[in-house]
Amino acid sequence: MTETKTNPMARQGQLKDEGLIFERSSDGRVGYSLPVLDVPEVDPVSAWGADAVRGDIAGFPEVSEVDVVRHFTRISQHNYGIDLGLHPLGSCTMKYNPKLHEVVARLRGFAGAHPFLPDEQSQGALELMWNLERELVEITGMPHVSLQPAAGAQGELTGIMMIAAYHRSRGDNRTKVLIPDSAHGTNPATAAFCGLEPVEVPSNEQGTIDIEALRAAAGPDTAALMLTNPNTLGLFEERIDEIASIIHDAGGLIYCDGANLNAILGKARPGDFGADVFHINMHKTFTTPHGGGGPGCGPVALAEHLEPFRPRPVVVRDADGTFRLDHDRPQSIGKVHGFYGNFAMMVRGYAYIRAHGALGLRQIAEDAVLAANYLKERLKNDYELPQDRTCMHEVVFSDKKQKAHGVTAMDICKRLMDFGFHPPTVYFPLVVPGALMIEPTETVSRQELDEFADALLAIARECEQDPEVVTSAPHTTYHRRLDETRAARSPVLRWVPPSAD
Ligand SMILES: *Cc1c(COP(=O)(O)O)cnc(C)c1O
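Just so we're on the same page, my numbering is the position in the sequence shown counted from 1, plus 1.
The following block contains the structure:
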């Protein structure tokens, strides 16, 4: 396999770079044309005052329409996304987003609906939300679902706020949230955000939670356990019944992080294995657009005893079949999002669920698990595999063998870009030093799995024979290795006029 054969990034690297849009600026060039004014001209400063009128923006480029189009088209091609190829970021479930979603979300009745429309004029939208909640009730095995949170992390916040409200309502002062050491960083951040104390619980040799350590940590101050199942090592917590009993017997509740729902869709339900709250990452499992910080949806499924605390308003269906938003929820934790959440994401997630049906959803889990195990088997002789047993939707290797040649997980990732693949998640979970966490998802073909495995095997050979080519990668991408420390320490997050530098 040659390193440029399937490399969309390399192709883009060869595009002629016509310079930054600022360098193409020319005094007086405009990117618009307006018709001749046919109404009296108004002086904006005398009409609205100098405060309301912005003068020229210093340093703003003066360019034509075609300059602008080429600029944005060019920078879009310096990028890599799921529509270009495999995006195996572990735990992120980067699967293909069906284009059907976009057609459905753009239907005029959905896209044009104003959030202030009265309930009588929003029956279709409310019905979709109600139906989506029922679908997610079925999928999670939990009696209620709130669609309001905007992401998984906000689902966590919503869930822990509900749990805290529940304990408060019983006059029960509990301050600690137990969190396994393999958890995603948002878990302890959420607990701390809610004024609770995150307490780390170690994993055992098998990569799952250490039951004896959990038993020792659980007590009358335990507000909740935040558990990811399957966990971030791609392993199902097989002793989940025992774990749930330990926490429930201590009077705590179970928050289940559902980022890895893809692995158990249609197979196991958090409601059946003891969860009191469970978040769903709509952009992961149900393929709404992912990344970029754009509008998201992170529904939470909740047990009956948490129902009074769920965010308001709540969609209800009256006896005559009409839908309305119920704002009269005195014990609610309040709103966690404007209006009722990001509706267009609910439309996309609902379209996905209905397009697949129950058996299709189950097939997703089977194919995702099969793909991960296929990669595990193809790579395990060449990359260290800390947990050598059947995995779920993702597999975690480490860079231990390559370290012997002075090559790190980061180098391997950079080199993968030369082969045209987005790197996997690295250095997470923290319990595996030098982790390479690979989640292929079910939307990858057998050919692409083989190409990806071939690339990683070729890199493993290079580490032995010519480590320098790996440690100095990437070689063919538009940008070479970036200064990650500077990017993190002094990020440039918005445009600043060149003159004001
Ligand atoms: C992605 C992820 C989250 C956070 O979800 P967002 O939707 O990105 O906010 C939490 N936990 C785990 C395990 C995740 O993979």
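Virtual Cβ for every residue (Gly too), placed ideally from N, Cα, C.
What number of angstroms, rounded off, separates the C-alpha of residue i from the C-alpha of residue j?
{"i": "Pro-492", "j": "Glu-485", "result": "10 Å"}
{"i": "Gly-186", "j": "Val-70", "result": "39 Å"}
{"i": "Ala-152", "j": "Gly-299", "result": "4 Å"}
{"i": "Leu-108", "j": "Ala-154", "result": "29 Å"}
{"i": "Glu-206", "j": "Leu-226", "result": "20 Å"}
{"i": "Asp-383", "j": "Asp-120", "result": "60 Å"}
{"i": "His-168", "j": "Gly-421", "result": "51 Å"}
{"i": "Arg-75", "j": "Glu-24", "result": "15 Å"}
{"i": "Thr-286", "j": "Ala-260", "result": "8 Å"}
{"i": "Asp-84", "j": "Asn-132", "result": "29 Å"}
{"i": "Gln-403", "j": "Thr-409", "result": "7 Å"}
{"i": "Asp-242", "j": "Asn-232", "result": "15 Å"}
{"i": "Lys-177", "j": "Gly-56", "result": "54 Å"}
{"i": "Lys-336", "j": "Ser-473", "result": "49 Å"}
{"i": "His-291", "j": "His-284", "result": "5 Å"}
{"i": "Phe-310", "j": "Pro-144", "result": "14 Å"}
{"i": "Leu-137", "j": "Ala-459", "result": "43 Å"}
{"i": "His-79", "j": "Thr-478", "result": "9 Å"}
{"i": "Lys-381", "j": "Arg-462", "result": "14 Å"}
{"i": "Glu-139", "j": "Ala-53", "result": "53 Å"}
{"i": "Gly-156", "j": "Ile-334", "result": "13 Å"}
{"i": "Leu-234", "j": "Ala-320", "result": "46 Å"}
{"i": "Leu-475", "j": "Asp-451", "result": "The identity of residue 475 in the sequence shown is Pro, whereas the question assumes Leu. Distance between the alpha carbons of Pro-475 and Asp-451: 21 Å."}
{"i": "Gly-60", "j": "Leu-35", "result": "23 Å"}
{"i": "His-102", "j": "Met-346", "result": "9 Å"}
{"i": "Gly-267", "j": "Ala-366", "result": "7 Å"}
{"i": "Met-2", "j": "Arg-318", "result": "Note that Met-2 has pLDDT 45, beneath the 50 cutoff, so the model's placement of it is unreliable and the number below is only indicative. Computed Cα separation, rounded: 58 Å."}
{"i": "Thr-191", "j": "Gln-388", "result": "29 Å"}
{"i": "Met-163", "j": "Glu-239", "result": "27 Å"}
{"i": "Val-67", "j": "Pro-45", "result": "30 Å"}
{"i": "Arg-490", "j": "Leu-483", "result": "13 Å"}
{"i": "Gln-448", "j": "Tyr-97", "result": "16 Å"}
{"i": "Ala-105", "j": "Gly-435", "result": "According to the sequence shown, residue 105 is Val rather than Ala. So the two alpha carbons sit approximately 42 Å from each other."}
{"i": "Val-348", "j": "Arg-481", "result": "39 Å"}
{"i": "Pro-498", "j": "Gly-297", "result": "31 Å"}
{"i": "Pro-199", "j": "Tyr-33", "result": "55 Å"}
{"i": "Glu-134", "j": "Glu-305", "result": "14 Å"}
{"i": "Glu-213", "j": "Leu-236", "result": "19 Å"}
{"i": "Glu-42", "j": "Gly-293", "result": "42 Å"}
{"i": "Pro-1", "j": "Ala-454", "result": "Absent from the model: residue 1. The displayed extent of the chain is 2 to 502, so no value can be given."}
For the beta strand (DSSP E) containing residue i, name the first residue and the last one.
{"i": "Phe-73", "result": "That residue, Phe-73, is in no beta strand (DSSP E); its alpha helix (DSSP H) goes 66–77."}
{"i": "Phe-168", "result": "The displayed chain sequence assigns His, not Phe, to residue 168. Here His-168 belongs to no beta strand (DSSP E); instead the alpha helix (DSSP H) covers 153–170."}
{"i": "Arg-256", "result": "It should be noted that the sequence gives Tyr, not Arg, for residue 256. Unbroken beta strand (DSSP E) run through Tyr-256: 254–258."}
{"i": "Ser-491", "result": "Careful: Ser-491 lies outside any beta strand (DSSP E) and carries neither H nor E."}
{"i": "Glu-198", "result": "198–202"}
{"i": "Asp-327", "result": "324–327"}
{"i": "Gly-227", "result": "Residue identity check: residue 227 is Met in the sequence provided, not Gly. 223–229 is the extent of the beta strand (DSSP E) around Met-227."}
{"i": "Val-146", "result": "145–147"}
For the alpha helix (DSSP H) holding residue i, just list the boundary residues, first then last.
{"i": "Ser-246", "result": "241–250"}
{"i": "Thr-187", "result": "187–194"}
{"i": "Pro-45", "result": "45–49"}
{"i": "Ile-180", "result": "Unbroken run through Ile-180 is the beta strand (DSSP E), 177–181; no alpha helix (DSSP H)."}
{"i": "Val-37", "result": "No alpha helix (DSSP H) holds Val-37; DSSP gives it neither H nor E."}
{"i": "Arg-482", "result": "Unbroken run through Arg-482: none, as it is neither H nor E."}
{"i": "Val-445", "result": "That residue, Val-445, is in no alpha helix (DSSP H); it is neither H nor E in DSSP."}
{"i": "Gly-125", "result": "124–141"}
{"i": "Pro-468", "result": "468–472"}
{"i": "Ala-214", "result": "212–218"}
### Message
Quick test of the definition: if touching needs 3 or more C-beta pairs under 8 Å, does the stretch 268–279 touch the stretch 245–254?
### Response
yes
### Message
Tell me whether the stretch 340–353 and the stretch 104–119 touch, counting them as touching only if at least three CB pairs, one residue from each stretch, are closer than 8 Å.
### Response
yes
#### Entry: Segments assigned alpha helix (DSSP H), at least 4 residues, entirely inside the stretch 80–119
101–106 and 109–112
#### Entry: Stretch pair the stretch 312–325 + the stretch 123–136: three plus CB contacts closer than 8 Å
yes
#### Entry: Segments of 4+ residues assigned as alpha helix (DSSP H) that fall wholly inside the stretch 369–442
401–404 and 410–419
### Task
Flag this pair as touching only if the stretch 226–239 and the stretch 175–184 have three or more C-beta atom pairs under 8 Å; answer yes or no.
yes
### Query
What runs of the beta strand (DSSP E), each 3 residues or longer, lie entirely inside the stretch 261–338?
278–280, 301–303, 315–318 and 324–327
### Message
Check whether the stretch 356–374 and the stretch 436–450 touch, using three or more Cβ-Cβ pairs below 8 Å as the test.
### Response
yes
### Task
Taking 8 Å as the threshold, find out whether the stretch 423–438 comes into contact with the stretch 343–363 through three or more Cβ pairs.
no
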